[in-house]
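Novice: The letter at position 214 of the sequence shown is residue 209 when you use this note's numbering, and the numbering goes up by one with no holes.
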Amino acid sequence: MSKLGFIGLGIMGSPMAEHLINGGHEVFLNTRSGVPKQLINAGGIACGTAQEVAQQADFIFLMVPDTPHVESVLFGDTGIAAGLSAGKTVIDMSSISPIATKEFGAKIEALGCHYMDAPVSGGEVGAKAASLSIMIGSSEATFNNVKPFLELMGKNINRVGEIGDGQTCKVANQIIVALNLQAVSEALVFASKAGADPEKVRQALLGGFASSKILEVHGERMVKRTFDPGFRIELHQKDLNLALESAKSLGLSMPNTAVTQQMFSSCVANGGSGWDHSAIIRATEIMSNHKIA
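1. Return helix, strand or coil for residue 199, following the three-state DSSP convention.
2. Within this structure, are the beta carbons of residue 66 and residue 40 separated by less than 8 Å?
3. Please check the pair residue 217 and residue 183, which I expect to be a contact at CB under 8 Å, by giving their CB distance rounded to whole angstroms.
4. Please state whether the Cβ-Cβ distance between residue 34 and residue 16 is less than 8 Å.
5. Who pairs with residue 84 in a beta bridge, going by DSSP?
6. Quick check on residue 285: buried or exposed, where buried means 16 or more other Cβ atoms within 10 Å of its Cβ?
7. Please report how far the alpha carbon of residue 192 lies from the alpha carbon of residue 287, in whole angstroms.
8. Does the structure place the stretch 84 to 100 close enough to the stretch 109 to 124 that three or more beta carbon pairs sit under 8 Å?
9. What number of angstroms, rounded off, separates the C-alpha of residue -3 from the C-alpha of residue 252?
10. Can you tell which of 208, 81, 59 and 272 has the C-alpha that lies nearest to the C-alpha of residue 229?
11. Name the one or two DSSP bridge partners that residue 156 has.
12. Where residue 87 and residue 214 are concerned, what is the direct C-alpha to C-alpha distance, given to the nearest angstrom?
13. Cutting at 6 Å between CB atoms, please list the residues of its own chain near residue 168, excluding the five before and the five after it.
14. Pick helix, strand or coil for residue 227, following the three-state DSSP scheme.
15. Write down the C-beta distance between residue 270 and residue 220 rounded to the nearest angstrom, noting that I regard them as a contact closer than 8 Å.
16. DSSP three-state call for residue 222: helix, strand or coil?
17. Which of the three DSSP states is assigned to residue -1 in this structure?
18. Out of 170, 282, 12 and 70, point me to the one whose CA is closest to residue 45's CA.
19. Tell me which residue opens and which closes the beta strand (DSSP E) that residue 24 is part of.
20. Identify the continuous alpha helix (DSSP H) that holds residue 272 and give its terminal residues.
21. With distances taken Cα to Cα, identify the nearest neighbour of residue 49 among 177, 81 and 37.
22. Using the DSSP secondary-structure output, state which residues sit across from residue 116 in a beta bridge.
23. Using the three-state DSSP reduction, which class does residue 171 fall into: helix, strand or coil?
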């Protein structure tokens, strides 16, 4: 049994933490809104602050929304850094800035501790099923030490490189997912406007080169109009902001990413910040003056 900590117990973090508890580990928990009762019933231990989690655990996991949240949890007055002692390991599974990640890692390692960025892909479904893809940025030694815990939460676990490289990989992932979402939304609106049944078109496309996980899962959500959040538009919008900011710093042109970001912005302007990102089809429908039937 290892002493683990988990901070950030939302849609993703709560099932991920529960897998660690069910793996037989002692898991110390903290979140702004209060530790869910189901995690306490499963054997988790509630802590009042991130500092307390860091004092109790040897491996501390984070799963919070954005770069400022990670910085606050790490370096706030009652943050993780205040509770660390030499040799402990911090694993950030949030999706945040690769540049900031390198800075955070350097600060934690200066305390004699280890740092890993380990953003995930797979959404709420993957978190609940322990089938997440996990993209790692860390030293090889840190990766080997943490991997047994990651295997309780995910299936496709890859060390991409050093600190920050995991976040770079996640940004690339989010670019591909966003553009695929927009492509599926346009295809379904096109099919519907042309008089075809969008669900039958979707089923047919799943048998060819156009098939994708997005078409399978999110295409179905688009057709059935089930936009309860598995991954909120405001979070994917944040990820594309990271992509475009990074592209600017690298001198890259990413026009399709920029356009897709505007589609997310249109959804937000229409009250959809909390919709599932498959609801990007609503922006396509508004522009086309056609709702799929």
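Heads up, the beta-carbon is just placed ideally off N, CA and C, and yes, glycines get one too.
Specialist: Working from what's here:
1. Translated into the one-based positions of the sequence shown, residue 199 becomes position 204. Three-state DSSP puts residue 199 in a helix.
2. As a first step, residue 66 is located in the sequence shown; it is residue number 71 there, counting from the start. As a first step, residue 40 is located in the sequence shown; it is residue number 45 there, counting from the start. For residue 66 and residue 40, no; Cβs fall outside 8 Å.
3. Locating residue 217 in the sequence shown gives position 222, where the first residue counts as 1. Locating residue 183 in the sequence shown gives position 188, where the first residue counts as 1. The Cβ separation is near 6 Å, so the contact holds.
4. Residue mapping note: residue 34 aligns to position 39 of the sequence shown, counting from 1. Residue mapping note: residue 16 aligns to position 21 of the sequence shown, counting from 1. Result yes, Cβ atoms of residue 34 and residue 16 sit closer than 8 Å.
5. For the purposes of this step, residue 84 is taken as residue 89 along the sequence shown, with counting starting at 1. 54 and 109, per the DSSP bridge assignment.
6. The residue given as residue 285 occupies position 290 in the sequence shown. Residue 285 is exposed by the Cβ-count criterion.
7. On the sequence shown, residue 192 is found 197 positions in, with the first residue counted as 1. On the sequence shown, residue 287 is found 292 positions in, with the first residue counted as 1. For residue 192 and residue 287, the distance between alpha carbons rounds to 9 Å.
8. yes
9. Within the sequence shown, residue -3 is the residue found at index 2, counting from 1. Within the sequence shown, residue 252 is the residue found at index 257, counting from 1. About 42 Å.
10. Looking up residue 229 in the sequence shown gives position 234. Residue 272 is the option with its Cα nearest to residue 229.
11. By 1-based counting over the sequence shown, the position of residue 156 is 161. Bridge partners of residue 156: 132.
12. Position 92 of the sequence shown, counting from 1, holds the residue named residue 87. Position 219 of the sequence shown, counting from 1, holds the residue named residue 214. C-alpha separation (whole angstroms): 30 Å.
13. Residue numbering aside, residue 168 sits at position 173 when the sequence shown is read from its first letter. For residue 168, where only same-chain residues beyond five positions count, the Cβ hits under 6 Å are 116.
14. One-based indexing of the sequence shown puts residue 227 at position 232. It is a strand residue.
15. In the sequence shown, the residue the question calls residue 270 occupies position 275. In the sequence shown, the residue the question calls residue 220 occupies position 225. Contact doesn't hold; Cβ gap of about 11 Å is too wide.
16. As a working mapping, residue 222 is identified with position 227 in the sequence shown. Here residue 222 sits in coil by DSSP.
17. Position 4 of the sequence shown, counted from the start, is the residue given in the question as residue -1. Correct three-state label for residue -1: strand.
18. Numbered from 1 along the sequence shown, position 50 holds the residue referred to as residue 45. Of 170, 282, 12 and 70, the residue nearest in Cα terms is 70.
19. Start at 1 with the first residue of the sequence shown, and residue 24 comes out as number 29. That run of the beta strand (DSSP E) goes 21 to 25.
20. Residue mapping note: residue 272 aligns to position 277 of the sequence shown, counting from 1. First-last for residue 272: undefined, no H or E at that position.
21. Mapped onto the sequence shown, residue 49 falls at position 54. The candidate whose alpha carbon is nearest that of residue 49 is 81.
22. If you number the sequence shown from 1, residue 116 lands on position 121. For residue 116, which the question treats as bridged, DSSP gives the partners 128.
23. Looking up residue 171 in the sequence shown gives position 176. Here residue 171 sits in helix by DSSP.
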